[in-house]
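Line order of the protein sequences matches chains C and E.
Just so you know, we're using this note's numbering here: the first sequence kicks off at 738 and counts up by one.
Just so you know, we're using this note's numbering here: the second sequence kicks off at 738 and counts up by one.
For glycine and all other residues, C-beta sits at the position ideal for the given N, C-alpha and C.
Here the structure is a predicted model, which is why all the values come from computation and not from measurement.
Protein chains: 2
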Amino acid sequence: MPGRPRAIVVVSGSELVRGQRRDLNGPYLAGELQRLGLEPAKVVIVGDRPEDLAAALHDGLAADVCIATGGLGPTHDDRTIELLARETGRRLAVDPALELEIEAVSRRIADRLRLPYADFAAGVRKQASLPVGAVSLGLAGTAPGVLLEREGRIAIALPGPPAELRRLWPLAVAHPAFRDVVGRARPRHHRVLRFFGPSESAVARALDEAGSEGNGLEVTVCARELEIHVDLFFEEGARARAAGIEAALLEEFAARLFSEDERPLAAIVIDLARSAGVTLATAESCTGGLLGAALTEVAGASDAYLGGVVAYANEVKTGQLGVPEDVIRRHGAVSGEVAAAMAEGARRVFRADVAAAVTGIAGPGGASPGKPVGLVHVHVAAPGGGEARRLDLPGDREAVRARASALTLHLLRRVLSRSGAEAA
Amino acid sequence: MPGRPRAIVVVSGSELVRGQRRDLNGPYLAGELQRLGLEPAKVVIVGDRPEDLAAALHDGLAADVCIATGGLGPTHDDRTIELLARETGRRLAVDPALELEIEAVSRRIADRLRLPYADFAAGVRKQASLPVGAVSLGLAGTAPGVLLEREGRIAIALPGPPAELRRLWPLAVAHPAFRDVVGRARPRHHRVLRFFGPSESAVARALDEAGSEGNGLEVTVCARELEIHVDLFFEEGARARAAGIEAALLEEFAARLFSEDERPLAAIVIDLARSAGVTLATAESCTGGLLGAALTEVAGASDAYLGGVVAYANEVKTGQLGVPEDVIRRHGAVSGEVAAAMAEGARRVFRADVAAAVTGIAGPGGASPGKPVGLVHVHVAAPGGGEARRLDLPGDREAVRARASALTLHLLRRVLSRSGAEAA
């Protein structure tokens, strides 16, 4: 969208660029920038080589906002601030107030470790050295977050550990220079439409027919775990066009719409159960606990979720869930009959109103004639009757398990919302 | 390490640069490049703007290997191939054999959707157009992976969906031009040392004292979920120095060494149980299924893992695991006593040899005087007696749950390896 201030995120860390650890800061900052109405134009991950970091900063500093993460530590390998000074043509100078602040923290660390403060002094001086004109945003440990304004553009350096970065980030956002940049972004509205069921290409085709992007309207379609997530970002002047696109989508897919906000699917399920005063239980074979883990990731899940059984071995299905042995013998552990018996068993033993069960073959082993890898049976047992699905899921073990868990959550959502107006 | 061929990964996708979906291809390719002995120098994520993608490709093409992911689809928004041609100064030309191949796939899709093939013809022609001199590596759907060699440097374009990328990647690696680049890398050895317990700074200090990097030796330390993971990469000529560093680390931390390979922690636990002929069960409160999910992520977990109970509500702890009500009343649900009773209960009801239990306060709610968020009790019950831990874990709900699960796996590992030579 033309006119939005552009932001570039520069992430440094050799273990990140080598794929040994996954970068969490780039996606976090990109989402934050997007939320503030800026355009996250690029995320660059570089290693510890000074020339690579310098080149990435040089490039990033051309944007309205450049955010560098990592490389703020006390040792000579931590070069972000030094290179930020060099690339902006400024010299480094010790900030005396900042030095006192870092010294206080370091003295406490020295005391705790029973080391002389002298061991820390050089590091403190290094971490208190900022490019002339830059300001500290506050400390994370001994590392300051740093903001530098130059001709309406700003550069920000934040620590690499995600928890520290997230603590200092609001201080950067609150800084007047940052607020000025955000103020240059024309405010945008955001509509979320989440569909379960249609293919990504069907939604893309409907969007193509509904009208075009640009001139203050941006539409993105993203398929994830069997859900099609549509974001409409629009300026006030494009409201009517955005509404037209939304209407066209709903005309075709209204029955598939299941959410107009960004809550995780499991949170939608917990909220539906909570507001209906319904308790939940789970019985999992191939997902091995993923479903319970997803539900309990929601803070306050205990309002509705009682618990579950991971019934991996057949003896657990019979012993803990009361699945009759002959049902397993006749139909096999991966069958609609066993899924139904697991769900009914979970309802009974947990005294839950609604229970979801999933049994399947995640692979790579375990397939048999007529029962390929990816075959999954899901069953939701509820007072008004159950719902069952037989799924043939593509992908490897991890993908089959993740999709089986997501589809079970969708089936739970559907059963829980049946009493309401929704029929996705 | 000087002399290693450098690789740059260019990831395109607007939902990736905005943080709406996490990029999986960059970390995957970086790890693969590292494994092949190349240096992953940079991972760049850009959105759909042609000028941003062009600039990133321009930069990437200066490296020995440039890998672009995404933007290979049939529509005009998919510009990777077009920009690759432009940035290498080549024109696009239809590859007739490739066009026939894509046409065959598209005709099948058209038949299935009952659409005329004519709807697809333009897209087929677009996807069969390659920069002059480039070759197809094979199709993912209708999109070809593409390799272009120029003066000893290679550029590769792969589809964005991770599963498709991973399917075509080995075909790129096997291409003679890629093998030539890999052959220019001096072969490196790789040693992995994984420690449980010491702080990252203690390991870093020991490494500093043990000798220096460079000249064919590269050492990285990475802390993740309570584990310190040390990688030693070294050329043949640096073998003695690498061995010296390893010896120095082991002198200080041998008792903390728990693995010399990259198996996931849960796979180590399953392997230990399998080789000891021991069966496992779990009883989870605050982790809500994460522990079971981690164990069952291991292919073949059913050799050792029987199942578990997610005992979220207190009635499940008493009803399913036989935790005495008065133990909960006297000590609270988050207590060492309840953790022990949960573990013993799981051993009993699952008839398992060893059972692990975890109960804690993941937050943000649920804290009470003396029981803060992050308090977690873990207990492993085993024939030779149990092991228990009281943990005070930092972080938010997600972090507390992940760490509690990881620590429980470490305690399981410790109990299972007690009979062996290991004492980490």
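Item, Value
"Extent of the continuous beta strand (DSSP E) run through Leu829/E", "829-831"
"Distance between Ala1048/C and Ala1141/C (C-alpha atoms, nearest Å)", "15 Å"
"Whole-angstrom distance between Leu994/E and Ala1158/E, CA atom to CA atom", "Residue placement at Ala1158/E cannot be trusted, given a pLDDT of 38 that sits under 50; what the coordinates show is reported in the next sentence. Answer to the nearest angstrom: the Cα atoms are 12 Å apart."
"Segment limits, beta strand (DSSP E) that includes His1116/E", "1112-1118"
"Where the alpha helix (DSSP H) through Pro899/E begins and ends", "899-911"
"Residues that Gly797/C contacts on chain E, provided the C-beta gap is smaller than 8 Å", "Under the 8 Å cutoff, chain E gives no residues; its nearest Cβ is about 11 Å from Gly797/C."
"Asp917/C at chain E interface by Cβ criterion, 7 Å", "no"
"Rounded straight-line distance, which links the Cα of Gly768/E to that of Leu820/C", "27 Å"
"Val869/C, enclosing alpha helix (DSSP H) - first and last residue", "Segment: none, Val869/C is in no alpha helix (DSSP H) and carries neither H nor E."
"Closer than 7 Å to chain E by CB, Gly1029/C", "yes"
"The segment 947-980 of chain E: positions lying closer than 8 Å to chain C by Cβ", "Thr957, Cys959, Arg961, His966, Asp968"
"Amino acids of chain E, ordered along the chain, whose beta-carbon sits closer than 7 Å to that of Gly1132/C", "Ala900"
"Minimum C-alpha distance to Ile719/C - residue among Gly1044/C, Phe971/C, Ala991/C", "Chain C is shown only over 738 to 1161; residue 719/C falls outside these bounds and no answer can be derived."
"Alpha carbon of Arg961/C to alpha carbon of Val929/C, nearest angstrom", "14 Å"
"CB of Ala1104/C within 7 Å of CB of Val1110/C, strictly", "yes"
"Extent of the continuous alpha helix (DSSP H) to which Tyr765/E belongs", "762-772"
"Interface flag, Ser1039/E vs chain C, CB-CB below 7 Å", "yes"
"Identified DSSP bridge partners for Gly882/E", "Gly875/E"
"Whether Pro958/C touches Glu950/C by CB criterion (7 Å)", "The sequence as given places Val at residue 958/C; Pro does not occur at that position. In this structure, Glu950/C does not lie closer than 7 Å to Val958/C by Cβ."
"Assumed close pair Glu983/C, Leu969/C - CB separation to whole angstroms, cut-off 8 Å", "7 Å"
"Chain C contact residues for Gly784/E, given Cβ-Cβ distances below 9 Å", "Glu776, Pro777, Ala778, Lys779"
"Closer than 9 Å at the beta carbon, the chain C residues around Asp998/E", "Here the premise fails: no neighbours, minimum Cβ distance about 14 Å."
"Cutoff 6 Å; reference Gly784/C; Cβ partners in own chain excluding five residues on either side", "Ser751, Val754"
"Neighbour flag for Pro739/E against chain C, beta carbons, 7 Å", "Note that Pro739/E scores a pLDDT of 49, beneath 50, so its modelled location is shaky; the value from the coordinates is reported in the next line. It does not: the Cβ of Pro739/E has no partner Cβ on chain C nearer than 7 Å."
"Strand pairing of Ile965/C, partner residues [DSSP]", "Phe932/C, Ala960/C"
"Buried/exposed call for Leu902/E, threshold 16 Cβ in 10 Å", "buried"
"Residue from Gly1073/E, Arg845/E, Arg1134/E, Lys1108/E whose Cα sits closest to the Cα of Arg1126/E", "Gly1073/E"
"Per DSSP, cross-strand counterpart(s) of Ser749/E", "Val783/E"
"Other residues of its chain near Gly763/C: CB distance less than 6 Å, five sequence neighbours each side excluded", "Val746, Val748, Val780"
"Contact list for the segment 1040-1060 of chain E against chain C, Cβ threshold 9 Å", "Tyr1042, Leu1043, Gly1044, Gly1045, Val1046, Val1047, Ala1048, Tyr1049, Ala1050, Glu1052, Val1053, Lys1054, Gly1056, Gln1057"
"Minimum C-alpha distance to Ala830/E - residue among Arg862/E, Ala858/E, Arg851/E, Leu837/E", "Arg862/E"
"Where Ala911/C falls, given that 16 or more other Cβ within 10 Å makes a residue buried", "exposed"
"Residues near Gly1082/C by beta carbon distance below 7 Å, same chain, minus five either side", "Ala1020, Leu1058, Gly1059, Val1060"
"Assigned secondary structure, Val754/C (DSSP; H/G/I helix, E/B strand, else coil)", "helix"
"Three-state secondary structure assigned by DSSP to Leu1169/C", "Residue 1169/C is absent from the model: chain C starts at 738 and stops at 1161."
"Unbroken alpha helix (DSSP H) run spanning His1142/E, endpoints", "Reading the sequence as shown, one finds Ser at residue 1142/E and not His. 1134-1154 is the extent of the alpha helix (DSSP H) around Ser1142/E."
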